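Quick note on the UniProt record's numbering: the sequence shown kicks off at 1 and runs consecutively.
For each residue, glycine too, the CB sits at the ideal point set by N, CA and C.
Only a predicted model underlies this, so the values are computations on that prediction, with no experimental measurement involved.
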Amino acid sequence: MAFSLFRRKKDHADKALPQTPADVPGSGEAPIPEDYTEARPSPEPDTARIDPVADPVTDPVADPGEDAGKPEGERPMGGPGPAPEPAPEPDAEPDAEPDAEPDADIDSGKEGGMFARFRGRRAESPETSGPEPDGGAPRKKTGMFSRLKGALGRTRTGLVGGLSDFLRRRKTVDGDIVEEIETLLLGADVGVDATERITADIAGRLKRRELKDPETVFRALRENMLEILTPVNRPLVIPDHREGPFVILVVGVNGTGKTTTIGKLAKRLQADGLRVMLAAGDTFRAAAVEQLQIWGERNDVPVVAQKTGADSASVVYDALQSARARGVDVLIADTAGRLHTQVNLMEELKKVHRVITKLDSTAPHETLLVLDAGTGQNALAQATQFHEALGLTGIALTKLDGTAKGGVILALAQRLAIPVRFIGVGEGIDDLREFDAGEFVEALFAE
1 MAFSLFRRKK DHADKALPQT PADVPGSGEA PIPEDYTEAR PSPEPDTARI
51 DPVADPVTDP VADPGEDAGK PEGERPMGGP GPAPEPAPEP DAEPDAEPDA
101 EPDADIDSGK EGGMFARFRG RRAESPETSG PEPDGGAPRK KTGMFSRLKG
151 ALGRTRTGLV GGLSDFLRRR KTVDGDIVEE IETLLLGADV GVDATERITA
201 DIAGRLKRRE LKDPETVFRA LRENMLEILT PVNRPLVIPD HREGPFVILV
251 VGVNGTGKTT TIGKLAKRLQ ADGLRVMLAA GDTFRAAAVE QLQIWGERND
301 VPVVAQKTGA DSASVVYDAL QSARARGVDV LIADTAGRLH TQVNLMEELK
351 KVHRVITKLD STAPHETLLV LDAGTGQNAL AQATQFHEAL GLTGIALTKL
401 DGTAKGGVIL ALAQRLAIPV RFIGVGEGID DLREFDAGEF VEALFAE
């Protein structure tokens, strides 16, 4: 009875299995599990236990026995672990050896795997770049002049380049040169006053036959420009010993780079060993207050600020009192940007000026107007209005690197004679530079 039941179960199992060559009657071959093992070799010898009815596996997988004893959370998911498994085909083993060789070269003797090779190259680059200490200072000076030369590139192309082209086409220097110079100077926004002064001198030299070739013409131009700019070449000087802070009131219309100039100036003064404080007096723009606070955090400079819309004079008043109490050397006060044609806003600016004077009769010690060189002759109109309202003591001419109207500096010097304290030749924090008339003219005519 038991034997009959066992035979019926075996017959039922045999019917459920798929037909293989081993099942063909009369073949005389070994049972199915052994034939299946020969067709798909496995690195583990215990594959005879694999159920022959399982779905075929096309990709190599880790042996089930490797993870059988691990908790479920530790078993690898989505494929094999980091250790490479042998390929199912016999020719996979030779391919694995070349893949291992590059990894060994990258990691051998270095930490960080393949990225260590690139770090090593960066570490070696200073050694191959040549000695630094010997030529450091001259190279820095040359770099500063190169930035100035580059900033004046567009102005130089229009003015000096245009005159060079004209002289190249002429065999002799004659009266036509005066008219050409006049046109080029006005095109560079040198202004009517400065242009008339320069052309009058050129005409006189031509009459005296002092201009014989292009070289003498360019020399005459350089001398005239230097003569106009030298009187305004007066850097900002802060006394060493003062009872209170040196107050710099910064004014200008929106978009001239006023707040950025304040941040760069603070960094410059701090590098000179001075204790600096900033007053966020531009209370009409929330972005201006935030921008000044960012500059303060970056340079570790305290900033006195109030909420947006607060009275600008009140902010500057609080800042001046705080600067006195904390022994600050320099207080730089920002103000709301306003158009020079807005009478009411200009009156508010005068109020800020009066509040400062009440606390210190000698302050503000510097009233600095920030101008955008790209505005050309409009910058001259702005400077005229601000000077009449406040009595400017200095000018910072920014954005010279983005305009062909750099000649406006000559118009400002000729018309107003206000000292040019700083010029902006780029966006970098060190690109706010003290104005030097000789260096400026040299860079303008540099080849």
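Classified as buried, Ala-194 has 16 or more neighbouring CB atoms from the shown chains inside 10 Å of its CB.
Under DSSP, Ile-395 takes part in a beta bridge, and its partners are Leu-369, Val-420. Listed in chain order, the non-local C-beta contacts of Ser-322 below 6 Å within the same chain comprise Val-304, local neighbours out to five positions each way being set aside. Sequence-distant partners of Asp-318 (beyond 5 residues in either direction) whose C-beta falls short of 7 Å from its own C-beta, in its chain, are Val-304. Residues Lys-399, Gly-402, Thr-403, Lys-405 of the same chain have their beta carbon placed closer than 7 Å to that of Gly-374, with the five preceding and five following residues left out of the count. For Leu-211, no beta strand (DSSP E) encloses it, and the DSSP letter there is neither H nor E. Judged by DSSP secondary structure, Phe-440 falls within the alpha helix (DSSP H) whose first and last residues are 437 to 444. Proximity to Gly-204 across Asp-189, Glu-215, Gly-191, Ala-220 peaks at Ala-220, based on C-alpha coordinates.
As a beta-bridge residue in DSSP terms, Phe-246 pairs with Val-330.
DSSP links Ala-279 through a beta bridge to Val-304, Ala-333.
Distances from the CA of Gly-327 to each of Gln-382, His-353, His-241 were compared; the closest alpha carbon is that of His-241. Taking C-beta atoms as the reference points, Thr-335 and Gly-255 fail to come closer than 9 Å. Taken through DSSP and simplified to helix, strand or coil, Arg-433 comes out as strand. Beyond the five residues adjoining it in sequence on each side, Asp-311 comes within less than 8 Å, by CB distance, of Thr-283 in the same chain, given in chain order. Going by beta carbons, Thr-216 and Val-178 fall outside the 9 Å limit. Comparing alpha carbon positions, the residue from Ala-313, Ile-198, Ala-266, Gly-273 closest to Leu-292 is Ala-266.
Listed in chain order, the beta strand (DSSP E) runs fully inside the stretch 154 to 203 amount to none, counting runs of at least 3 residues. With respect to the 9 Å criterion, Arg-147 and Val-425 are classified as neighbours on the basis of their beta carbons.
Of the residues Glu-442, Glu-434, Leu-444, the one whose Cα lies closest to the Cα of Leu-236 is Glu-434.
Counted as a single uninterrupted DSSP element, the alpha helix (DSSP H) harbouring His-387 occupies residues 377 to 390. Taking C-beta atoms under 8 Å as the contact rule, Ala-379 and Val-408 qualify, at a distance of about 5 Å.
In the three-state reduction of the DSSP assignment, Val-251 falls in the strand class, which pools E and B. In terms of Cβ geometry, Ala-279 and Leu-345 do not form a close pair [threshold 9 Å]. When only Cα atoms are considered, Glu-366 and Leu-249 end up about 6 Å apart.
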